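Structure, as structure tokens:
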Amino acid sequence: MTLITDLAERIHALGHADLMPVAIANAKTVILDTVGCTLAGTHEPVVETMLQTEGLATPGQVSLLGRDTKLDVLCAALINGAASHALDFDDVNIAMGGHPSAPVLPALFAIAESQSVSGMDFMLAFIAGFETETRMARAVNFHHYDLGWHPTATLGVFGAAAASARLLGLDAHQTALALSLSASLASGVKANFGTMTKPYHVGHAARHGLMAAKLAQNGFTASLDVLEAKQGFLNVYNGKGNYQAELITRDWAAPLDIVEPGIGIKLYPCCDSTHATVDALFSLQKEHGFEAGDVESIDTRIHPLRLTHVDRPQLRNSLDAKFSVQYCAARALLDGGLTFGSFDTAAYHDPVALSLMGRVNAAPHDDLSLTRPGNYLTEVDVKLRDGRQLNKRMDRPFGRHADEPAPAELIRAKYDDCAGRVLSADASARLHDAIMALETLTDLSGLRTLWTPSNDMAA
């Protein structure tokens, strides 16, 4: 038995009885969160550009969330996937060092509009995909991450393939073939962060995972030893000796990753690696009562794995601003929070923000013995003009672990804000209620009427 066949059999064997109530509740929460993020991102430039590009927007029967547009199944998975990550606001996962839901759900939504799918089967497929990509991540991270791969894409494609295989009803052998093919479809490097290419990575993973499952369903072949082979995924993407293959299946689904460590909901629409700095600043501000104008300097020391892509003292564009810990720290203090508007062109050109940003220094943390799972270790020192010097260390941002979940009211407020960019309040509320009752739905095809603005207007 190869690693792939072992993994495929576990994916195929996962059943409804394995989904404890907390797994279902967490799945619905991140599905809702991803739908909201997709709606909010559906008119972003990355989506508009892809829709104008020949071959990426073939007409079909699958809807784009938040648009009166229908594409074929693979193009819909691609575009919805890019939209879901366009604002970098979708959920995160400690093991992946990336975003688990965005590469998986667009593929499943495409299937659910192509055939009759129940809510429970949909959630089972989603959780199977979630488990697959996060178990792969345990085996390769954080060396994989540090090399410069974008795990949301390189590992997300396996999650999309596993989930699609499950929802399409593939057997264990076909599932193994889909996963094997995915190893040749895995791509995405972090050098493209801060550009349209990053959300494209996510759409690419969703499309390719779905395509792999459909090809396997039709008899496509692939090498079943593709993970452990000398020139297979693990050795090529990580290098010999830089992975632990046994972690892919060890303690599989016991518990499910979506249960422990659980889900991670982002509360700011910017790179996850900036959030611990922002949370530390807000905590210090609440405790010591200072304003942005009182700050002489801010020093943030971040785990070097995360600092690499957020140390951006110079901004090129609004996407770049989302990946600048210097800008995010400054903007957060000036505004008392971070919203979509924090990354508008006018916002990141604001001379007051740029002045404060110039007083934010970022450096690698020098004591990695303090690191906890996720490599979020961040320590912030604030020097105030009145001479006070403040310090706060964060092991991870708020809302990243089952022991410290994001408050339900903030999750709902985030969804309402995101969905409200394209839907009426009534339509947004009805879509929310449908997703939060997903396990009771016998056919998900009706969801398209709730996330399509033309139907919203008609209603």
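The opening residue of the sequence shown carries number 9 in this note's numbering; numbering runs sequentially from there.
Where is the CB? At the ideal position from N, CA and C, for every residue including glycine.
Note that this is a predicted model, so its numbers are computed, not measured.
Tell me where the alpha helix (DSSP H) around residue i begins and ends.
{"i": "residue 207", "result": "205-225"}
{"i": "residue 336", "result": "333-343"}
{"i": "residue 119", "result": "113-120"}
{"i": "residue 420", "result": "416-427"}
{"i": "residue 287", "result": "283-296"}
{"i": "residue 166", "result": "164-176"}
{"i": "residue 438", "result": "433-444"}
{"i": "residue 314", "result": "312-315"}
{"i": "residue 266", "result": "Careful: residue 266 lies outside any alpha helix (DSSP H) and carries neither H nor E."}
{"i": "residue 188", "result": "180-191"}
{"i": "residue 20", "result": "11-21"}
{"i": "residue 456", "result": "455-459"}
{"i": "residue 242", "result": "241-245"}
Put residue i into one of helix, strand or coil per three-state DSSP.
{"i": "residue 46", "result": "helix"}
{"i": "residue 409", "result": "strand"}
{"i": "residue 149", "result": "coil"}
{"i": "residue 157", "result": "strand"}
{"i": "residue 258", "result": "coil"}
{"i": "residue 106", "result": "strand"}
{"i": "residue 36", "result": "helix"}
{"i": "residue 51", "result": "coil"}
{"i": "residue 277", "result": "coil"}
{"i": "residue 330", "result": "helix"}
{"i": "residue 299", "result": "coil"}
{"i": "residue 363", "result": "helix"}
{"i": "residue 62", "result": "coil"}
{"i": "residue 30", "result": "helix"}
{"i": "residue 229", "result": "coil"}
{"i": "residue 250", "result": "coil"}
{"i": "residue 347", "result": "coil"}
{"i": "residue 41", "result": "helix"}
{"i": "residue 95", "result": "coil"}
Could you please give me the residues that DSSP links to residue i through a beta bridge?
{"i": "residue 272", "result": "100"}
{"i": "residue 67", "result": "79"}
{"i": "residue 307", "result": "369 and 389"}
{"i": "residue 322", "result": "BP columns for residue 322 are empty, so no partner."}
{"i": "residue 401", "result": "387"}
{"i": "residue 197", "result": "157"}
How big is the Cα-Cα spacing for residue i and residue j?
{"i": "residue 343", "j": "residue 301", "result": "12 angstroms"}
{"i": "residue 236", "j": "residue 82", "result": "29 angstroms"}
{"i": "residue 347", "j": "residue 54", "result": "19 angstroms"}
{"i": "residue 466", "j": "residue 171", "result": "Because residue 466 carries a pLDDT of 43, less than 50, the predicted location of this residue cannot be relied on, and the following value inherits that uncertainty. Rounded to whole angstroms, residue 466 to residue 171 spans 34 angstroms at the Cα level."}
{"i": "residue 264", "j": "residue 367", "result": "43 angstroms"}
{"i": "residue 249", "j": "residue 155", "result": "14 angstroms"}
{"i": "residue 127", "j": "residue 451", "result": "7 angstroms"}
{"i": "residue 362", "j": "residue 335", "result": "7 angstroms"}
{"i": "residue 60", "j": "residue 327", "result": "20 angstroms"}
{"i": "residue 48", "j": "residue 27", "result": "30 angstroms"}
{"i": "residue 147", "j": "residue 252", "result": "5 angstroms"}
{"i": "residue 12", "j": "residue 266", "result": "21 angstroms"}
{"i": "residue 116", "j": "residue 145", "result": "21 angstroms"}
{"i": "residue 109", "j": "residue 182", "result": "23 angstroms"}
{"i": "residue 98", "j": "residue 92", "result": "7 angstroms"}
{"i": "residue 226", "j": "residue 241", "result": "24 angstroms"}
{"i": "residue 279", "j": "residue 329", "result": "9 angstroms"}
{"i": "residue 166", "j": "residue 208", "result": "16 angstroms"}
{"i": "residue 176", "j": "residue 185", "result": "14 angstroms"}
{"i": "residue 100", "j": "residue 90", "result": "16 angstroms"}
{"i": "residue 411", "j": "residue 262", "result": "18 angstroms"}
{"i": "residue 306", "j": "residue 217", "result": "43 angstroms"}
{"i": "residue 221", "j": "residue 193", "result": "12 angstroms"}
{"i": "residue 56", "j": "residue 238", "result": "41 angstroms"}
{"i": "residue 133", "j": "residue 168", "result": "9 angstroms"}
{"i": "residue 163", "j": "residue 77", "result": "29 angstroms"}
{"i": "residue 125", "j": "residue 191", "result": "27 angstroms"}
{"i": "residue 333", "j": "residue 178", "result": "44 angstroms"}
Using a 10 Å radius around the Cβ and a threshold of 16 neighbouring Cβ atoms, would you call residue i buried or exposed?
{"i": "residue 188", "result": "buried"}
{"i": "residue 287", "result": "buried"}
{"i": "residue 324", "result": "exposed"}
{"i": "residue 462", "result": "exposed"}
{"i": "residue 50", "result": "buried"}
{"i": "residue 446", "result": "buried"}
{"i": "residue 258", "result": "exposed"}
{"i": "residue 357", "result": "exposed"}
{"i": "residue 455", "result": "buried"}
{"i": "residue 23", "result": "exposed"}
{"i": "residue 378", "result": "exposed"}
{"i": "residue 9", "result": "exposed"}
{"i": "residue 341", "result": "buried"}
{"i": "residue 277", "result": "buried"}
{"i": "residue 295", "result": "exposed"}
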